[in-house]
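Engineer: Numbering (UniProt numbering), first residue to last: 1 to 516.
Right, here's the structure in full:
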């Protein structure tokens, strides 16, 4: 059963709005959706209409209305247990958050969208479109690898649902990948991708299916052609697919408008009118999401070079490179991994709260906290079991917070928690004691086993890629172990004495000279 099978009111109107948005007629779709919202109180219908309305606003570039539209859609979707709807909404919210400069929130939405869409039990046509919109969100935000993976998932589901291959051709994804290569100096790589895009269009023309391409796809094919021409490549027109004519497609899509404006700049360069191209660039206003923030600067560099102003071309090229570097995929990938880890920990925390209450769980890392640690050791000692306690204190953590801020510090703590958990033996216990201090408990172990655990923790933390997460700020760990005596004056005293001894060993380790 697909999503629309659950909608019990105004289904025809919602389907019509969908169809209009698929052919870049978002203004008409928006009017239909407003009528639906005025005339229905059915929760599923309202939720679908509100998510579609947000999509229309993004397509139309009506940025001032994003925040309210997201709030209304989120409120309608929140209580509906429908993964597709949550996935689609989060993909759209990611685009809006990026436009507002909220990178943290944007990437959180991307991760939640992928997880929600991946959890759909019975993927259908709507789920395919959800993956398509997620792919577009990734692509606009310069996550090119993630975008290609998501659009392939959309194609697979679309094929199973009977959606023609041309519908999810998505040339815009590869187009943004191509210009990103050019922005960072790989002009040859850019041309290779642009030629591949042209080959795909030629194939659709040859098979007689080009008329089924979406208008926004036609505009992207057009821009790919004129961009090749601006780089000096010979562009042959096949079957009437003139790039300049293709740029006219896209209806009321804001992205298509951007490509038309920049496409005219490319045509002026290709036609030997570089000064006109520079003049046009002075008046165009395009979104950085459409083709990357560096595209206008790169086109200016090409135009100035053709005009003979090589110094100006060099300056523009340097600016394009700097703008492109700010959107480097590797840094964004690290950011996504960090957000995904944080979401994992939030889910762990919620799961722990269901059974034991948040009073026993550290909210940041999802690990047991000090209170739960004390209860655990007390129970072990009461049973007369042999146990070793270890204190792990981070090295360099103050510098992380000072140089990179507390958000990066939180990501480091979450990753440390994961690393320690990963290398422990089965049955060992790990807790966050406070600040940047973690405690490990090894039941049934002695100091020999403790030394091996300490070695594994230290080695794992040393091999983590801290440079990507907190550049220039190495992170290490100092560890001290002590055995908890099962007898003695009492359980609390035994724990306290062992903890103090382990803490002293940890301080000795911290002050000990380290090998490079």
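Idealized CB from N, CA, C, for every residue including glycine.
What's the C-alpha gap between residue 279 and residue 262?
Structural biologist: Those two C-alpha atoms are separated by around 12 Å.
Engineer: Helix or strand or just coil, what does DSSP make of residue 215?
Structural biologist: Helix.
Engineer: Taking C-alpha atoms, which residue in 271, 190, 57 and 63 lies nearest to residue 307?
Structural biologist: With distances taken between Cα atoms, residue 307 lies closest to 271.
Engineer: Alpha carbon to alpha carbon, how far is residue 96 from residue 67? Give it in angstroms, no decimals.
Structural biologist: Going by the C-alpha atoms only, they are around 8 Å apart.
Engineer: Decide if the stretch 138-149 is in contact with the stretch 169-180; the criterion is three or more beta carbon pairs, one per stretch, under 8 Å apart.
Structural biologist: A contact exists between the stretch 138-149 and the stretch 169-180.
Engineer: What runs of the alpha helix (DSSP H), each 4 residues or longer, lie entirely inside the stretch 120-195?
Structural biologist: Entirely contained in the stretch 120-195, the alpha helix (DSSP H) runs reaching 4 residues are, in chain order, 125-140, 144-160 and 171-183.
Engineer: Tell me, please, which residues DSSP counts as bridged to residue 481.
Structural biologist: BP columns for residue 481 point to 390.
Engineer: Does the beta-carbon of residue 55 have 16 or more other beta-carbons within 10 angstroms, so that it is buried, or is it exposed?
Structural biologist: It counts as buried.
Engineer: Suppose you measure from the CA of residue 502 to the CA of residue 287; what does that come to, to the nearest Å?
Structural biologist: Whole-angstrom Cα-Cα distance: 57 Å.
Engineer: To which residues of the same chain is residue 304 closer than 8 Å at the C-beta, ignoring the five residues directly before and after it?
Structural biologist: Hits under 8 Å: 274, 278, 310, 312, 313 and 316.
Engineer: Identify the continuous beta strand (DSSP E) that holds residue 360 and give its terminal residues.
Structural biologist: Note, residue 360: premise wrong, no beta strand (DSSP E); not H, not E.
Engineer: Find the nearest neighbour of residue 79 within the set 113, 451 and 43, judged by alpha-carbon distance.
Structural biologist: Closest option to residue 79, Cα to Cα, is 43.
Engineer: Kindly list the residues whose CB is nearer than 6 Å to the CB of residue 27, restricted to its own chain and excluding five residues on each side of it in sequence; keep chain order.
Structural biologist: The answer, listed in chain order, is 252.
Engineer: Hey, would you say residue 46 sits closer than 7 Å to residue 39, going by beta carbons?
Structural biologist: No, these two residues do not count as a Cβ contact at 7 Å.
Engineer: Comparing alpha-carbon positions, which option in 186, 420, 480 and 444 lies nearest residue 385?
Structural biologist: Comparing Cα positions, the closest option is 444.
Engineer: Counting C-beta neighbours from all protein chains within 10 Å, is the total for residue 474 16 or more, i.e. buried, or is it exposed?
Structural biologist: Classification of residue 474: exposed, given that the 10 Å Cβ count is below 16.
Engineer: Output the distance between the C-alpha atoms of residue 20 and residue 219, rounded to the nearest integer angstrom.
Structural biologist: Cα-Cα distance, rounded: 17 Å.
Engineer: Tell me whether residue 445 sits in a helix, a strand or coil according to DSSP, three-state version.
Structural biologist: In the structure shown, residue 445 sits in coil (DSSP, three-state: anything other than H, G, I, E or B).
Engineer: Suppose contacts are defined by Cβ-Cβ distances below 7 Å. Is residue 50 in contact with residue 73 by that definition?
Structural biologist: The answer is yes: Cβ separation under 7 Å.
Engineer: Go through its chain and collect everything with a Cβ distance to residue 454's Cβ below 6 Å, but skip five positions before and after it.
Structural biologist: These residues qualify, in order along the chain: 479.
Engineer: For residue 373, which residues in the same chain have their Cβ closer than 8 Å to its Cβ, ignoring the five residues on either side in sequence?
Structural biologist: For residue 373, where only same-chain residues beyond five positions count, the Cβ hits under 8 Å are 429, 431, 433, 439 and 441.
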